[in-house]
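2 protein chains.
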Amino acid sequence: MTIDPYSDIPAYKQLAAGLRTMIDSGSLAPGQRVPSESDLVQRYGVARETARRAIALLRAEGLIQTIQGQGSFVADRQEAVTMRFPSGTEVAARMPSPEERRAFGVPEGVPIFIVRDPAGRESKLRADRNVILFAEE
Amino acid sequence: MTIDPYSDIPAYKQLAAGLRTMIDSGSLAPGQRVPSESDLVQRYGVARETARRAIALLRAEGLIQTIQGQGSFVADRQEAVTMRFPSGTEVAARMPSPEERRAFGVPEGVPIFIVRDPAGRESKLRADRNVILFAEE
DNA sequence: GCCAATTTGTGCGTATGTATT
DNA sequence: GAATACATACGCACAAATTGG
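Chains A and B, in that order, are what the protein sequence lines are.
For the record, in the first sequence the residue sitting at position 46 is 46 according to my numbering, with numbers rising by one throughout.
For the record, in the second sequence the residue sitting at position 61 is 61 according to my numbering, with numbers rising by one throughout.
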């Protein structure tokens, strides 16, 4: 994988696309560390900001999580719990506010479900760990 | 609203919080233009990157949309269509890939529903314009 | 069509702070 | 303490898109 600075596609998107391919193909497995910013800078000859932007893009897609002082890691996708809800239930989804992110411990790039039961009561669930199933008991 | 550069809270988060308050309170109404980067730089005495980061934060939350050459605009929230699905339907949500974003015309900060019907067929819906209702016909 | 002004996008450099190992 | 890694913040320059004259 190389970066073409003369391409119409911005360098940070090219870089993100390359990393995304590695994640999708499994060559970067869930839990595994993504190359550090310095790594990307050296290997691909880009500025640090360019590397950071590629990382930020994947983080916003929910593909990786970043921890200061440690690095970025490929997110787990499979371990979702199926939650069962009865007829009349309404489900919305949106990105959480920073307060909701803190409250639920949700990383960047992860939406939340807003589930409203027939009585109008709302509950929120992080969308990376839950799947909604419509079915009576 | 002022920015305190000596606060523990980063300047761009302070700025984003101020703008978020204006949006939530309706003082910045849906469809209305958010102050430009240059405006923010001049009014609050921050660097352009700081202003851009505040904007990017709100965009990632789905609160605003940005159009190159025009500016950022407060997103509409209310106009969601209710989609009805039968028992056995499974619903997940996640952020779209860039390809899915293009395919569905979804702006940044907007998740998509992945709806799987009892037969296993998948369909995708943008989460800012759709609500899922579980109910038989 | 053209040009200028405005606004966001991309990319580089530097410096310093914070967190982890 | 040292090394590594990410976070914040400033500066600069030019590109791309839109709008208005």
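A virtual CB, placed ideally from N, CA and C, is assigned to each residue, including glycine.
None of these values were measured; they are calculated from a predicted model.
Within the same chain, no Cβ atom closer than 7 Å to the Cβ of residue 67 of chain B is found once the five residues on either side in sequence are excluded.
Residue 96 of chain B sits buried, since 16 or more C-beta atoms from the chains shown fall within 10 Å of its C-beta.
Between the alpha carbons of residue 103 of chain B and residue 112 of chain B lies a distance of about 12 Å.
In the three-state reduction of the DSSP assignment, residue 51 of chain B falls in the helix class. Residues of the stretch 74 to 95 of chain A with a C-beta less than 9 Å from any C-beta of chain B: 77, 80, 82, 85, 86, 87, 88, 89, 90, 91, 92, 93, 94, 95, listed in chain order. Under the Cβ distance rule, residue 111 of chain B counts among the residues neighbouring chain A, one pair being separated by less than 8 Å. Contact check between the stretch 83 to 96 of chain B and the stretch 32 to 49 of chain B: fewer than three CB pairs, one atom from each, fall below 8 Å, which does not count as touching.
Of B:4, B:125, B:28, the smallest CA-CA separation from residue 80 of chain B is found for B:125.
Runs of the beta strand (DSSP E) spanning 3 or more residues and lying entirely within the stretch 34 to 108 of chain B occur at 64 to 67, 71 to 74, 81 to 85, 90 to 94, in chain order. Residues of chain A whose Cβ lies closer than 8 Å to the Cβ of residue 134 of chain B are, in chain order, 85, 86, 87, 88, 89, 90, 91, 134. In the three-state reduction of the DSSP assignment, residue 15 of chain A falls in the helix class.
Below the 7 Å Cβ cutoff, chain A contributes 61 as neighbours of residue 97 of chain B, in chain order. Judged by their CB atoms, residue 3 of chain B and residue 19 of chain B are not nearer to each other than the 8 Å cut-off. Residue 125 of chain A has A:113 as its beta-bridge partners, per DSSP. Contact of residue 131 of chain B with chain A is assigned, a C-beta pair being separated by under 8 Å. Burial check for residue 39 of chain A: the Cβ neighbour count within 10 Å stays below 16, so the residue is exposed. Cβ atoms of residue 134 of chain A and residue 85 of chain B come within 8 Å of each other, at about 6 Å.
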